[in-house]
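K.L.:
Provided herewith is a single structure, encoded as structure tokens, for subsequent inquiry.
In the working numbering, the protein residues as written are 26 to 515.
Here is the structure:
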């Protein structure tokens with residue numbers, strides 16, 4: 026009970042700090058929809074770059090990536106190497122396009138290039154992708170918070186069944202409260218705070234594990250380098266972790282999950298200039314490799330601690346860190362940084378996802394910016410959409426718990442292969458060709474491509490003894506391009 030009360034106090038204190046930052050952001054700078062959607066286009070690129078680290082790693086990296094070390098070693102870093110190339114491509118190809126057209130929603134370009142139905146189709150695919158992906162990210166964090174906080178506090182009252190919905194509801198209520206006014210103007214600042222908290226928590230967990238095994242910094246490096254899990258490259262082409270499959274998947278995952286993602290690009294579009302946005306993107310892309318190396322190294326050390334203490338190794342990698350904290354194997358003081366990392370992870374991805382979804386629905390689906398002027402009715406509409414999406418977010422997370430999953434980070438990338446593939450195909454076709462498409466048939470093509478990918482994913486092991494990995498995203502995009510070409514106007 027003492028641990029649960031400490032976690033509750035940390036959670037509330039962190040939320041109050043975010044609320045204070047939100048209030049200060051709302052008082053200064055841009056106002057209304059300009060603040061919510063664009064932060065007045067006045068964000069400093071260093072602040073944006075640092076904050077994007079936290080928005081990307083979120084609870085998935087904090088909880089899931091350390092647990093991945095046992096099953097895949099360090100091979101995830103092969104994908105992170107591809108991320109660097111992907112971020113460079115986004116900075117040099119997509120950012121100039123978005124800044125030249127002064128876009129608030131990046132899917133407005135689809136309407137300019139192809140037509141209104143394609144525009145709405147791209148926006149709807151983003152809404153589907155972001156709701157499912159961000160719900161999965163918040164789900165894993167809420168699951169751990171529920172285990173450490175809600176259940177111990179509510180169990181004596183016989184309210185165990187209400188614990189998880191209450192955890193999700195309170196988390197989303199907090200996020201709604203500090204994002205509903207200033208939106209992006211708040212997120213640029215709160216994301217930087219959340220990145221600092223996540224990295225601090227990871228460092229404290231690593232120090233705690235080293236202390237328990239009486240290791241110095243050099244001893245930790247030696248342990249990681251000599252571990253059987255310290256396997257970086259995989260050259261077996263048949264393996265899902267094969268280097269070129271992982272590397273190329275990493276390139277295209279960044280292009281679609283950053284460059285074609287309103288959530289991630291909206292922060293970059295708040296920078297003062299294109300050059301600032303490009304510096305932000307490249308700096309952030311280079312930081313992603315060492316940050317993930319830190320979390321994978323932490324996972325190797327935590328597994329070594331389990332072996333040294335003869336502790337049972339959980340079947341699911343997502344359970345590794347929570348199990349060690351709950352058992353006391355990392356010491357009692359680690360509860361505070363662990364809680365700080367959890368709540369930062371809970372808020373870091375969900376708040377920006379909620380803001381981006383609101384932007385896409387208001388601008389792309391409701392046409393809020395077409396008049397060119399901001400009306401009081403627009404602000405009211407934006408607030409209603411923001412609230413409704415918060416409720417939809419909660420339903421998605423509860424549904425995710427009902428369905429269940431293995432490794433959440435793997436589930437996110439698998440879902441991205443299906444939902445972001447049509448966006449990849451639309452943008453690639455629009456940028457690489459000048460040929461028009463049949464705007465009326467574009468939604469059908471974008472639905473058919475992922476369905477065909479699902480059929481190939483199911484049949485490939487039976488027909489060709491081949492199992493698709495994340496390269497399914499590239500196939501999905503290619504099928505979308507071929508469908509647009511076949512049905513397009515000559």
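Ideal Cβ positions, reconstructed from N, Cα and C, are used throughout, including at glycine.
In chain order, which continuous runs of the alpha helix (DSSP H) of length 4 or greater are located wholly inside the stretch 436–482?
P.N.:
Listed in chain order, the complete alpha helix (DSSP H) runs (minimum 4 residues) inside the stretch 436–482 are 446–457.
K.L.:
Tell me the DSSP secondary structure of residue 296 in three-state form.
P.N.:
In the chain shown, the residue the question calls residue 296 occupies position 271. In this structure, residue 296 counts as strand in the three-state DSSP scheme.
K.L.:
Pick out the complete alpha helix (DSSP H) segments inside the stretch 137–181, 4 residues or longer, and give them in chain order.
P.N.:
Entirely contained in the stretch 137–181, the alpha helix (DSSP H) runs reaching 4 residues are, in chain order, 141–170, 176–179.
K.L.:
Look at the alpha carbon of residue 301 and the alpha carbon of residue 118, and state the distance between them as a whole number of angstroms.
P.N.:
In the chain shown, the residue the question calls residue 301 occupies position 276. In the chain shown, the residue the question calls residue 118 occupies position 93. If you take the alpha carbons of residue 301 and residue 118, they lie about 15 Å apart.
K.L.:
Taking the continuous alpha helix (DSSP H) assigned at residue 347, which residues delimit it?
P.N.:
The count along the chain shown starts at 1 and reaches residue 347 at position 322. Its alpha helix (DSSP H) spans residues 345–352.
K.L.:
Counting only the same chain and skipping the five closest in sequence on each side, list residues whose C-beta sits under 8 Å from that of residue 171.
P.N.:
For the purposes of this step, residue 171 is taken as residue 146 along the chain shown, with counting starting at 1. Excluding positions up to five away in sequence, the list reads 188, 189, 192.
K.L.:
Under 8 Å between the Cβ atoms of residue 516 and residue 456?
P.N.:
Shown here, the chain extends from 26 to 515; a query on residue 516 therefore has no answer.
K.L.:
If you draw a straight line from the C-alpha of residue 10 to the C-alpha of residue 370, how long is it?
P.N.:
Outside the displayed span of the chain (26 to 515) sits residue 10, for which this structure offers no information.
K.L.:
For the candidate residues 417, 478, 490, whose alpha-carbon lies nearest to that of residue 505?
P.N.:
Within the chain shown, numbered from 1, the residue matching residue 505 stands at position 480. For residue 505, the nearest C-alpha among the options comes from 478.
K.L.:
Within 10 angstroms of its Cβ, does residue 261 collect 16 or more other Cβ (buried), or is it exposed?
P.N.:
For the purposes of this step, residue 261 is identified with residue 236 of the chain shown, where counting begins at 1. Residue 261 is exposed by the Cβ-count criterion.
K.L.:
For the alpha helix (DSSP H) that contains residue 120, what are its first and last residues?
P.N.:
As a working note, residue 120 is residue 95 in the chain shown. Its alpha helix (DSSP H) spans residues 120–125.
K.L.:
Rounded to a whole number of angstroms, what is the C-alpha to C-alpha distance between residue 43 and residue 35?
P.N.:
Within the chain shown, the letter at position 18 stands for residue 43. Within the chain shown, the letter at position 10 stands for residue 35. Going by the C-alpha atoms only, they are around 12 Å apart.
K.L.:
Indicate whether residue 152 and residue 357 have their beta-carbon atoms separated by less than 8 Å.
P.N.:
For the purposes of this step, residue 152 is identified with residue 127 of the chain shown, where counting begins at 1. For the purposes of this step, residue 357 is identified with residue 332 of the chain shown, where counting begins at 1. Contact: no.
K.L.:
Which two residues bound the contiguous alpha helix (DSSP H) that contains residue 255?
P.N.:
As a working mapping, residue 255 is identified with position 230 in the chain shown. From DSSP, residue 255 is part of no alpha helix (DSSP H); its letter is neither H nor E.
K.L.:
Three or more C-beta pairs under 8 Å: does that hold for the stretch 458–470 against the stretch 411–420?
P.N.:
Result no; under three Cβ-Cβ pairs closer than 8 Å.
K.L.:
Starting from residue 510, follow the alpha helix (DSSP H) in both directions and report where the run begins and ends.
P.N.:
On the chain shown, residue 510 is found 485 positions in, with the first residue counted as 1. Note, residue 510: alpha helix (DSSP H), 497–512.
K.L.:
Between residue 471 and residue 139, how many whole angstroms is the CB-CB distance? I'm expecting something under 8 Å.
P.N.:
Residue mapping note: residue 471 aligns to position 446 of the chain shown, counting from 1. Residue mapping note: residue 139 aligns to position 114 of the chain shown, counting from 1. No, residue 471 and residue 139 are not in contact; Cβ-Cβ is about 11 Å, not under 8 Å.
K.L.:
Pick helix, strand or coil for residue 35, following the three-state DSSP scheme.
P.N.:
Here the question's residue 35 lines up with position 10 in the chain shown. Reduced to three states, the DSSP call for residue 35 is helix.
K.L.:
Once you ignore the five residues that flank residue 29 on each side, which residues in its own chain have a CB closer than 6 Å to its CB?
P.N.:
Stepping through the chain shown from its first residue, residue 29 is reached at position 4. Closer than 6 Å at Cβ, skipping near neighbours: 174, 177, 178.
K.L.:
Are the beta-carbon atoms of residue 227 and residue 323 separated by less than 8 Å?
P.N.:
Looking up residue 227 in the chain shown gives position 202. Looking up residue 323 in the chain shown gives position 298. Yes, the Cβ-Cβ distance between residue 227 and residue 323 is below 8 Å.
K.L.:
Would you decide whether residue 258 is buried or exposed? Buried here means 16 or more other CB atoms lie within 10 Å of its CB.
P.N.:
By one-based count along the chain shown, residue 258 stands at place 233. It is exposed - the Cβ of residue 258 has fewer than 16 other Cβ atoms within 10 Å.
K.L.:
Just to confirm my understanding: we take residue 383, look at its own chain, exclude 5 residues before and 5 after, and list those with CB closer than 7 Å. What are they?
P.N.:
Residue numbering aside, residue 383 sits at position 358 when the chain shown is read from its first letter. These residues qualify, in order along the chain: 407, 410, 411, 414.
K.L.:
Assuming residue 241 is part of the alpha helix (DSSP H), what are its boundary residues?
P.N.:
Walking along the chain shown from the start, residue 241 turns up at place 216. Residue 241 -> no alpha helix (DSSP H), and no H or E assigned at all.
K.L.:
Going by alpha carbons, who is nearest to residue 48 out of 211, 127, 161, 512?
P.N.:
Reading the chain shown from its first residue, position 23 is the one you call residue 48. Closest by alpha carbon: 211.
K.L.:
Give every residue of the same chain whose Cβ lies closer than 8 Å to the Cβ of residue 255, excluding the five residues on either side of it in the sequence, and list them in chain order.
P.N.:
Residue 255 sits at position 230 when you count from the first residue of the chain shown. Result list for residue 255: 98, 99, 249, 325, in chain order.
K.L.:
Expressed to the nearest angstrom, what Euclidean distance is found between the alpha-carbon atoms of residue 422 and residue 484?
P.N.:
Along the chain shown, one-based indexing puts residue 422 at 397. Along the chain shown, one-based indexing puts residue 484 at 459. Looking at the two C-alpha atoms, the distance is approximately 30 Å.
K.L.:
Rounded to the nearest angstrom, what separates residue 120 and residue 68 at their Cα positions?
P.N.:
Taking the chain shown and counting its residues from 1, one reaches residue 120 at position 95. Taking the chain shown and counting its residues from 1, one reaches residue 68 at position 43. Computed Cα separation, rounded: 16 Å.
K.L.:
Following the continuous alpha helix (DSSP H) through residue 260, name the residue where it begins and the one where it ends.
P.N.:
In the chain shown, counting from the first residue as 1, residue 260 sits at position 235. Here residue 260 belongs to no alpha helix (DSSP H), and DSSP marks it neither H nor E.
K.L.:
Determine, using beta-carbon pairs with one atom in the stretch 124–136 and one in the stretch 276–288, whether at least three such pairs fall under 8 Å.
P.N.:
Verdict: yes, contact present.
K.L.:
What residue from 379, 481, 330 has the CA that sits closest to residue 91's CA?
P.N.:
As a first step, residue 91 must be located in the chain shown, where it is residue number 66. Comparing Cα positions, the closest option is 330.
K.L.:
On a CA-only basis, which of 169, 447, 115 is nearest residue 147? Give me that one, please.
P.N.:
Residue numbering aside, residue 147 sits at position 122 when the chain shown is read from its first letter. Among 169, 447, 115, the Cα nearest to that of residue 147 is on 447.
K.L.:
Please return the same chain residues whose Cβ sits closer than 7 Å to the Cβ of residue 306, not counting the five positions on each side in sequence.
P.N.:
Against the chain shown, residue 306 aligns to sequence position 281. Counting only Cβ-Cβ distances below 7 Å, and skipping sequence neighbours, we find 112, 115, 116, 120, 293.
K.L.:
Given this structure, state the Cα-to-Cα distance separating residue 245 from residue 332, to the nearest angstrom.
P.N.:
Taking the chain shown and counting its residues from 1, one reaches residue 245 at position 220. Taking the chain shown and counting its residues from 1, one reaches residue 332 at position 307. Near 15 Å, if we compare the C-alpha coordinates of residue 332 and residue 245.
K.L.:
Have a look at residue 74 and residue 216 and give me their C-alpha separation to the nearest angstrom.
P.N.:
Position 49 of the chain shown, counted from the start, is the residue given in the question as residue 74. Position 191 of the chain shown, counted from the start, is the residue given in the question as residue 216. Straight-line Cα distance between these residues: approximately 10 Å.
K.L.:
Can you tell me whether DSSP reads residue 29 as helix, strand or coil?
P.N.:
For this step, residue 29 is matched to residue 4 along the chain shown. Residue 29 falls in the helix class under three-state DSSP.
K.L.:
Keeping to the same chain, check which residues put their C-beta closer than 7 Å to that of residue 303; ignore five residues upstream and five downstream.
P.N.:
Locating residue 303 in the chain shown gives position 278, where the first residue counts as 1. Closer than 7 Å at the Cβ level, and outside the excluded window around residue 303, lie 116, 120.
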